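First comes the structure, then the notes that go with it.
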Amino acid sequence: QFVAKETINQLKAYSKADEIVQEVFSSLRTVLSLNGGKFEKKRYQTNLLTTRESNIRKGIALGSYLTYTEHEKGSIGNIIAVVMIFAQDISFIGYVGPFLQSLAEARAAATAVYRLIEEENITEMQILDEYESGHKSTDINGDIQFENVNFAYPARKDVEVIRHLDLVARAGETTALVGKSGSGKSTTISLLLRFYEPILGHIKINNQLISDYNIKNLRQNIGIVSQEPYLFGTSIYNNILYGKEDASNIEIEEAAKQANAHDFIMTLPNKYETLVGESGVQLSGGEKQRIALARALVKQPALLLLDEATSALDNVSRTTIVVSHRLSTIRNAHQIYVFDNGTVIEHGTHETLMANEGSAYQELFQTQQKEHMESDNYQSTSKICDEKQTVGLPWCHSDEQNTIKGEGFESCTSAERQHQVLIFSIIFLLLGVATFAIRFLQFTAFAVSGSKLTERIRVKTFECLLRQEVAYFDRPENSCGAVCTRLSSDGSAVQQMTGPRLGIFCETFSMFLIAMILGFFYSWQIACIVFLCILLICVLGYINIRVQDQLSKHSGMLQERAGSLAVEVLHNMRTIKQLTIEDVVLQQYSDFIWEKFRITRNYSIIIGLIMSGIWAMIAYNIAIIYWCVLVLIEHNEMKMNDIIKVFAFAMFFIQSIRSVLTMIEDFGTSLSAIHSFFELFDRTPLIDNGSTTGQELVDFRGQIDFVQVNFSYPTRSQVRVLNNFQLSIQSGQRIALVGVSGSGKSTVIQLLERFYDVTNGKLCIDGVDIRQLNIHWVRSCFGLVSQEPILFDLTIAENIAYSRDDASIIDIIDAATKANIHEFIQNLPEGYQTRVGRKGSQLSGGQKQRIAIARALFRRPKVLLLDEATSAMDSHNEKIVQKVLEEIQTSDPHQASLIIAHRLSTIRSCDLIGVLDKGYLVECDTHNELMQRRAAYYRMVSRDSEEL
């Protein structure tokens, strides 16, 4: 019970540690750009300390228990034969020992699993029932009504996100939801998809309560494109196919054409079979969104939900609800609802709302009209990515086979026998006390050393992974899920051969040496027979270990793929539910597990034959020893006393072999894991993120030069992303890069952050090649705000001051104020101590983006890198933040800025504007000069103006 309790504590600690691993490697670029490697290593190591303490407590408990039980067995029999028989019986029973702790730990782990399975969450159980029951009708073409709906997220029940919402989306019409960031628009979409249930009020479709519909059929008839679309780590074809399992090639291509994705797909080397990478890392933001739109359209949904989607659609007779900050895209909507603080403050058509002088909508639209609207320029920022330990339960019972236990006993008189009994009783009593003390120290010491060793290996592995270049994680075999699974399973495998089990092995090896030495001393003939048996057992044991190693490699690959899929699914459960593909991913996971079972079964047959051969050889060896003893007795070459001693040491040897055999199956798995760890430890990263070498410029002026740069991503070396790219950024300049989606804009920022190195050419900072500079110093000079903001499961204050131990609350508040997020944070019940959830799940897109901006401003960077930093904001907040960013840049005349623009109006005042097309810098000049040329930039501005 004690072991099971401590195992549960361990599993909880390992679970928290694994969550950190998943969070870090799924957001690796953000961690690296903020120099957060040491911070995350410390966070990971802190969680592992709990497991060390549990291991030590288990070691002490096991040592105390087993030494006590051994003392109980330490009695001598009066008849040697009976003692020998009972010793053998106890020996066989003892083989169960090493698995008892594994059994206790498995029981504890199963308890946690069954608790999860049987958890009685009433709401979830109701939804599960409705998933299989309810109205099977797929007709959701009627009006959609929200009647006096109130809602608060379960994690923040005291903050109402939706208040008295009344809304009607007419069938066959387009309804638009607009308003400030965090006003409740996206929450309305979540309620319609039944991710949550309203606290008060009703939602109806066709005048029927939405709760009466079969939830699976409901979602199958709804197509959705989210603000941050998620693609699975497979081909473009399979990603679109997730929208409709039985879709034909023609249907998939037609959906791609409707989403304006077909043309760019056909330019890719593998076209529709192109792998998109984990989370779509190989594609730009706009490309990901178009594929997500094609995935939604392929099933020809009756209801289409577009949450900040920017791709244009043809007019089709379907009910469409659009959430948008870009008002020019919804001016033709049949009905527009304006949200503020979770409620609708006005609604109507574009014309009626504009005719209402002083209306909120009119103010929003006029503000955006003055600024000019954004172009469809989205670029991606790539996202990179419970353990049970089984320690042997030692069991030794060699005292019964003490070599002197029967010598001369029968030839003694009664008085002499009593005297010998007393002497040997005292000896065994002292041996029992010594055994207790030694075994207690053994198990405690090995528990401590084993736990520390495992902890060091895990931390070292985590540190080595953080050192690897970003391209290492772009490969499918090193995805976030695969890395997490590998760290968990390999760490567990190594731990199987450390701690108490390592103590058993050392003890067994010592027993074997002593037995062989004494065996040769008393009878070299029998010792030679035993030695020959050892050689044969070693050969079979080696073969068994190699087979186990191969099994570990093959099953480990499948385990990694299954783990990667599980991580991907759990991190993107909303997308899974939106697409109603729970059965599909469950089948994929089951296929991996079944294939692993099939391989394990086949290898187990071979292992079973080898192990049965080893055990049979031991039995044959005993028989041969008996035969040899008889022969030696007949030839008067052995005395009875020597025979007893030889038998004792032979049994001593056999006991040693049997103890090793109980652990031999784990050797192959452990060796494979150790090989994997050392392969990682010995790997030299192409870009060492942990390097402390390199030059640090004392007086950094902020000059950046791209000199004839060519670049291709390592996983797509045949596709050139930048071609002869040449750009010079002077100190204090504001440079903007614009261009169509996938033209290479965000790649420029990734090269500056040294996520990758140029393929050809040079990238220089103040005239020094960036490869010669200290990588941490380089990244500390830049403040990066990406298109898709990444927040960590920490408090708001910890996110803003991420990895900075010397942060003061005054500086944190100052950065939040500049990013226009301070007022929102102050209104939260816990203020700056509010936890944001995994990847900021408790916040809206705009709120996350402003915290990410505050994090960048907090670092007071020499160069600001803004990769479509205001793309998730409404016009009001964008204008404020844009003004703040401009003030920051003008306040420091030496601070340079590189801006990836999605709204051309925001970069008109930049010193230089560069236009990229297929990786080429086709033109670069001021706004006025570019407009006079009437070339690429002019056409982009004209196209935006036509949308107004």
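Using the numbering used here, you'd call the opening residue of the sequence shown number 319 and step up by one each time.
Each residue gets a CB set at the ideal place from its N, CA and C atoms; glycine is no exception.
Please read these numbers as outputs of a predicted model, since none were measured by experiment.
Neighbour-count burial assignment, residue i, 16 or more Cβ in a 10 Å radius
{"i": "Pro712", "result": "Note on Pro712: pLDDT 34, under 50, position unreliable in the model; the coordinate value appears next. It counts as buried."}
{"i": "Lys617", "result": "buried"}
{"i": "Arg1177", "result": "buried"}
{"i": "Asn1272", "result": "The structure shown does not extend to residue 1272, since the chain is modelled only from 319 to 1266, so the question has no answer here."}
{"i": "Pro1147", "result": "exposed"}
{"i": "Ala1187", "result": "buried"}
{"i": "Tyr1304", "result": "With the chain represented from 319 up to 1266, any question about residue 1304 goes unanswered, as that position is not in the structure."}
{"i": "Asp792", "result": "buried"}
{"i": "Tyr790", "result": "buried"}
{"i": "Cys798", "result": "buried"}
{"i": "Lys808", "result": "Note that residue 808 is Asp in the sequence shown, not Lys. Its Cβ being crowded by 16 or more others within 10 Å, Asp808 is buried."}
{"i": "His1212", "result": "exposed"}
{"i": "Ala428", "result": "exposed"}
{"i": "Met584", "result": "exposed"}
Integer Cβ distance of residue i from residue j, believed to fall under 8 Å
{"i": "Val1086", "j": "Ile1171", "result": "With a Cβ gap of about 29 Å, Val1086 and Ile1171 do not count as contacting."}
{"i": "Gly660", "j": "Ser1162", "result": "Their Cβ separation, rounded to whole angstroms, is 11 Å, which puts Gly660 and Ser1162 out of contact at 8 Å."}
{"i": "Val1275", "j": "Leu518", "result": "Since the first residue shown for the chain is 319 and the last is 1266, residue 1275 is missing from the structure and cannot be characterised."}
{"i": "Gly1062", "j": "Leu1081", "result": "Actually they are not in contact, since the Cβ atoms of Gly1062 and Leu1081 sit about 14 Å apart, beyond 8 Å."}
{"i": "Phe910", "j": "Leu883", "result": "7 Å"}
{"i": "Phe1110", "j": "Leu1183", "result": "That belief does not hold up - the Cβ atoms of Phe1110 and Leu1183 are roughly 19 Å apart, past 8 Å."}
{"i": "Gln1167", "j": "Pro1107", "result": "5 Å"}
{"i": "Asn539", "j": "Leu784", "result": "Not a contact, Cβ separation roughly 45 Å."}
Within 8 Å, strictly: CB atoms of residue i and residue j
{"i": "Leu352", "j": "Ser1121", "result": "yes"}
{"i": "Ile542", "j": "Leu483", "result": "no"}
{"i": "Arg1072", "j": "Ile1088", "result": "yes"}
{"i": "Ser1064", "j": "Ile1218", "result": "yes"}
{"i": "Glu563", "j": "Val887", "result": "no"}
{"i": "Phe996", "j": "Thr779", "result": "no"}
{"i": "Ala620", "j": "Ala573", "result": "no"}
{"i": "Val662", "j": "Ala678", "result": "no"}
{"i": "Val1235", "j": "Gln1105", "result": "Before going further, note that residue 1235 is Asp rather than Val in the sequence given. Not a contact, by the Cβ cut-off of 8 Å."}
{"i": "His668", "j": "Arg649", "result": "yes"}
{"i": "Asn459", "j": "Ala494", "result": "no"}
{"i": "Arg1173", "j": "Ile1118", "result": "yes"}
{"i": "Val479", "j": "Ile654", "result": "no"}
{"i": "Ser602", "j": "Ser1059", "result": "yes"}
{"i": "Cys782", "j": "Leu1055", "result": "no"}
{"i": "Ala487", "j": "Ile462", "result": "yes"}
Sequence-distant residues of the same chain with beta carbon closer than 6 Å to residue i, five excluded per side
{"i": "Glu787", "result": "Pro1003, Leu1004 and Ile1005"}
{"i": "Glu491", "result": "His652"}
{"i": "Arg1156", "result": "Asp1111"}
Sequence-distant residues of its chain with Cβ nearer than 8 Å to residue i (five each side left out)
{"i": "Asn674", "result": "Glu664, Gly666 and Gln680"}
{"i": "Leu1091", "result": "Gly1012, Gln1013, Glu1014, Leu1015 and Ile1083"}
{"i": "Glu1247", "result": "none"}
Residues near residue i in its chain [Cβ-Cβ closer than 7 Å; skip 5 each side]
{"i": "Asp1084", "result": "Leu1015, Phe1018, Arg1019 and Gln1021"}
{"i": "Ile861", "result": "Ile928"}
{"i": "Ala1253", "result": "Glu1241"}
{"i": "Lys606", "result": "Pro547, Leu549, Gly598 and Ser698"}
{"i": "Leu586", "result": "Thr592"}
{"i": "Tyr514", "result": "Phe469 and Ser508"}
{"i": "Ser1049", "result": "Arg1019, Gly1020, Gln1021, His1212 and Ala1214"}
{"i": "Ala565", "result": "Leu559 and Val616"}
Closer than 8 Å to chain D by CB, residue i
{"i": "Arg1221", "result": "No chain D appears in this structure, which consists of one protein chain only."}
Does the stretch 1034–1047 come close enough to the stretch 1238–1251 to have 3 or more Cβ pairs within less than 8 Å? yes
For the structure I just gave you, are there three or more beta carbon pairs, one from the stretch 637–653 and one from the stretch 495–513, closer than 8 Å? yes
Given 8 Å, three or more beta-carbon pairs between the stretch 552–563 and the stretch 588–603: yes
Check whether the stretch 1105–1119 and the stretch 1127–1135 touch, using three or more Cβ-Cβ pairs below 8 Å as the test. yes
Report yes or no: do three or more beta-carbon pairs, one from the stretch 892–906 and one from the stretch 923–939, lie closer than 8 Å? no
Decide if the stretch 573–584 is in contact with the stretch 905–918; the criterion is three or more beta carbon pairs, one per stretch, under 8 Å apart. Contact between the stretch 573–584 and the stretch 905–918 is absent, because fewer than three Cβ pairs lie under 8 Å.
When the Cβ atoms of the stretch 837–855 are set against those of the stretch 935–943, are three or more pairs found closer than 8 Å? yes
Answer yes if the stretch 835–846 comes into contact with the stretch 1025–1045, meaning at least three C-beta pairs across the two stretches below 8 Å, and no otherwise. no
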